[in-house]
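Beneath this line is the structure, given in C-alpha cells, with notes to follow.
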Amino acid sequence: MAFFKLLKKSPIIARIGLVMILLNIAAAILAPVIAPYSETEVVGDVWMPMSSEHLLGTDHIGRDMFTRLLYGARNTIAIAFVITMFSFAVGISCGFFAATLGGWVDLILSRLVDILMAIPVLIFALVALAIVGNSIPKLVVVIALLDSTRVYRLSRAVAMDIEVMEYVEAARLRGEGVWWLMRHEILPNAMPPLVAEFGLRFCFVFLFIAALSFLGLGIQPPTADWGGVVRENSGAIT
16 MAFFKLLKKS
26 PIIARIGLVM
36 ILLNIAAAIL
46 APVIAPYSET
56 EVVGDVWMPM
66 SSEHLLGTDH
76 IGRDMFTRLL
86 YGARNTIAIA
96 FVITMFSFAV
106 GISCGFFAAT
116 LGGWVDLILS
126 RLVDILMAIP
136 VLIFALVALA
146 IVGNSIPKLV
156 VVIALLDSTR
166 VYRLSRAVAM
176 DIEVMEYVEA
186 ARLRGEGVWW
196 LMRHEILPNA
206 MPPLVAEFGL
216 RFCFVFLFIA
226 ALSFLGLGIQ
236 PPTADWGGVV
246 RENSGAIT
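Numbering of the sequence shown is given in the numbering used here, commencing with residue 16 and proceeding in unit increments.
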C-alpha cells in the first residue's frame with residue numbers, strides 16, 4: 016500500500032517511465048510465449064517487409080525480426096542484471112572494506128581503481144575480451160569488474176561519511192568487528208544512494224553490452240541481442 020501511495024504522489028513522467036520499464040521486462044520474461052517463432056528459426060526470405068506473418072519483417076538470413084527483438088531484450092536484460100549484481104557485490108564489498116579499515120588497504124584499493132578508471136572503459140573491455148575470449152561468462156566477469164570501479168568509488172565515499180557517525184563509534188567501542196559494522200551499520204544507511212546508483216549502472220551496462228555486440232565482441236550469434244541485431248542488419252540501411 017505504501018508503494019501505491021508513493022506512486023500516486025510521483026510525477027506523471029515517473030509513472031510513464033515505470034510503465035515502459037514494466038512492459039519491457041514483461042516482454043523479456045514472456046518472450047517464449049509471445050514470440051511467434053523460435054529465436055534462431057529461419058522462417059522466410061531475406062529482409063522481407065512487414066506483414067501479418069512477420070510484424071517487423073525478416074532479417075539478413077530470414078529470421079523473424081519481432082521474435083529476435085523479444086529474445087534480444089530477454090538476453091540483454093538478463094545478462095545486464097547479472098553483471099550489475101556482480102559489479103555491486105564486488106564494488107560495495109571493496110568500498111566498505113576500504114572505508115572501514117583505512118590505511119594501506121584503502122590506499123592500495125583506491126590507487127588500483129584510479130589506474131583502471133584512467134583507461135577508457137570501452138577500449139579496456141575490447142582488449143580484455145579479445146585476449147580472454149567473448150563467451151557469456153567471460154563477458155559477465157570483464158564488464159562487472161570494470162563497472163565495479165564506479166561502484167567502489169560511490170560505496171567508499173558513502174561509507175566514509177557513515178564511519179564518522181556516533182552509532183558506528185559506539186559499535187566499535189562495544190568490540191564489533193569489521194564485517195558486523197559493514198552489515199549492520201554501514202550497509203543499511205548506505206542503501207538509498209546505492210539503490211539509485213544500481214538503476215543508473217544497469218542502464219549503462221545494458222547499453223555497453225549492446226555496444227560490444229555491435230562491435231562483434233559481445234553476445235555472439237545466433238543468440239539474439241539488440242546490438243547484434245543492428246550489426247547483422249546494417250546492410251539493409253540505405
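All C-beta atoms in this analysis are idealised placements derived from N, C-alpha and C, irrespective of residue type, glycine included. Please read all numbers here as calculations on a predicted model, not as lab measurements.
In this structure the stretch 179-198 does not touch the stretch 124-144; the number of beta carbon pairs closer than 8 Å is below three.
Only residues of its own chain outside the window of five on either side were considered, and among them 242, 243, 245 and 246 have a CB closer than 8 Å to the CB of residue 229, listed in chain order. In this structure, the beta-carbon distance from residue 167 to residue 231 does not fall below 7 Å.
The DSSP-derived three-state label of residue 189 is coil.
Judged by DSSP secondary structure, residue 238 falls outside any alpha helix (DSSP H); it is assigned neither H nor E.
Its Cα nearest to that of residue 226, the residue 240 stands out among 240, 214 and 213.
Note on the stretch 31-71: whole alpha helix (DSSP H) runs with a minimum of 4 residues are 46-49, in chain order. Take the alpha-carbon of residue 79 and the one of residue 52: they are about 7 Å apart.
In the DSSP assignment, residue 180 falls outside any alpha helix (DSSP H) and carries neither an H nor an E. Under DSSP, residue 79 takes part in a beta bridge, and its partners are 73.
A distance below 7 Å separates the beta carbons of residue 43 and residue 88.
Judged by DSSP secondary structure, residue 125 falls within the alpha helix (DSSP H) whose first and last residues are 118-133. In the three-state DSSP reduction, residue 228 falls in the helix class (H, G or I). Inclusion of residue 158 and residue 98 in the CB contact set at 7 Å is warranted, their separation being smaller than that value.
The three-state secondary structure of residue 149, taken from DSSP, is coil. In the same chain as residue 213, and ignoring 5 residues on each side of it, the C-beta atoms closer than 8 Å to its own belong to 99 and 103, in chain order.
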